[in-house]
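Chains as they are written, first to last, in the working numbering: chain A, 1 to 147; chain B, 148 to 294. Have a look at the structure below, then the notes.
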DNA sequence: TACACTGATTATAACGATTACAATGTAATA
DNA sequence: TATTACATTGTAATCGTTATAATCAGTGTA
């Protein structure tokens, strides 16, 4: 299944006139297989072995390219650095305050929130963003153990 | 009304053993009266006249103190710098992609989202965060004019 | 095949927000 | 008053990200 995702992504890129380079291929592939919403640096370090000469700038450049193409979303939480998420279908994020782990979950559209907000503020609504913060079971277990 | 807010905030601080300095007073007062969800630099520049010797570090330090006391929330959006929001009652934010303006709006609790998320992921939920992005009427008017 | 053109990558410098640190100042307490 | 603890200041350091210039392909064309 992930092979299909990669192929679709590459096709989408090609169709907008973006060249497929080995680096781009590798970054996309890594993001698709990753379940951890990696930072730019995560990606850089993960691909270091296969691309010893790759520059961090390349990672950032290409993440921007992917973002513009709608393949990738940038997530800015409280931490210092952005995390990047390969876009498959709409989902929300559950974030652990203890270890930073991010778990996806689905929820039927919150369209009515958008409508209300648009009505109240007069804005033209584009999209919304929802995150839930809490503590994952691992961290819960750790704190229980520590006491 | 805002006088009451300020007094409550100062009392809350005092009760946790935090000293009330002129700088802290001024920062809190500015945040309460501000409707713009200012950045640290906004606050710094606004208070420059009354506190010519105040350091940016003081602003950051105290924002952290206020955050720990639950008086202030830090908002991290896509932009480079964080914005800070004096906590009054729960509300959500509508953000203009054009000019960065942030407008508050209210919406009845999304408790059921938290419940579902907790059930699906096994997390212990603390809170959630929801933002809606779009274009404000000013920016809509500007783009209409430009064409 | 050779040549130019366009875009991609690399390496590194620059930038900007935030934090750390050391020195000084100020308030509270004994 | 002397001591102590906390706040502020000024500045340097850090870190994520972006900009820049040089080099390096890949593609198309003569």
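Ideal placement from N, C-alpha and C gives every residue a C-beta, glycine not left out.
Short CB-CB distance (under 9 Å) between residue i and chain B
i, result
"residue 183/A", "Given that chain A is displayed from residue 1 to residue 147, the structure contains no residue 183/A and the question cannot be resolved."
"residue 94/A", "yes"
"residue 118/A", "yes"
"residue 21/A", "no"
"residue 50/A", "no"
"residue 97/A", "yes"
"residue 88/A", "no"
"residue 56/A", "no"
"residue 113/A", "yes"
"residue 4/A", "no"
Rounded Cβ spacing between residue i and residue j (contact assumed at less than 8 Å)
i, j, result
"residue 282/B", "residue 124/A", "5 Å"
"residue 216/B", "residue 194/B", "At roughly 20 Å, the Cβ-Cβ gap does not stay under 8 Å, so residue 216/B and residue 194/B are not in contact."
"residue 233/B", "residue 179/B", "5 Å"
"residue 277/B", "residue 129/A", "7 Å"
Beta-bridge pairing of residue i - partner residues as DSSP gives them
i, result
"residue 60/A", "Partner(s): none; residue 60/A has no beta bridge."
"residue 230/B", "186/B, 222/B"
"residue 282/B", "124/A"
"residue 242/B", "249/B, 280/B"
Inter-residue Cα distance where the pair is residue i and residue j
i, j, result
"residue 186/B", "residue 231/B", "6 Å"
"residue 74/A", "residue 63/A", "9 Å"
"residue 21/A", "residue 72/A", "17 Å"
"residue 199/B", "residue 245/B", "33 Å"
"residue 227/B", "residue 248/B", "15 Å"
"residue 55/A", "residue 189/B", "35 Å"
"residue 164/B", "residue 127/A", "43 Å"
"residue 192/B", "residue 23/A", "43 Å"
"residue 6/A", "residue 13/A", "11 Å"
"residue 286/B", "residue 122/A", "11 Å"
"residue 224/B", "residue 76/A", "6 Å"
"residue 4/A", "residue 67/A", "19 Å"
"residue 113/A", "residue 103/A", "23 Å"
"residue 15/A", "residue 280/B", "28 Å"
"residue 207/B", "residue 157/B", "18 Å"
"residue 29/A", "residue 177/B", "48 Å"
"residue 205/B", "residue 49/A", "43 Å"
"residue 65/A", "residue 19/A", "11 Å"
"residue 96/A", "residue 184/B", "26 Å"
"residue 181/B", "residue 88/A", "39 Å"
"residue 254/B", "residue 107/A", "17 Å"
"residue 137/A", "residue 82/A", "24 Å"
"residue 141/A", "residue 8/A", "40 Å"
Cutoff 9 Å: residue i Cβ touching any chain A Cβ
i, result
"residue 247/B", "no"
"residue 181/B", "no"
"residue 270/B", "yes"
"residue 274/B", "yes"
"residue 210/B", "no"
"residue 287/B", "yes"
"residue 252/B", "yes"
"residue 186/B", "no"
"residue 281/B", "yes"
"residue 219/B", "no"
"residue 257/B", "yes"
"residue 224/B", "yes"
Heavy atom of the ligand GDP within 8 Å of residue i beta-carbon
i, result
"residue 225/B", "Among the components modelled here there is no ligand, and therefore nothing to report on the ligand GDP."
Notebook entry, point to check: Quick check: the stretch 84-95 of chain A against the stretch 258-274 of chain B, are there 3 or more CB pairs under 8 Å?
Noted result: yes
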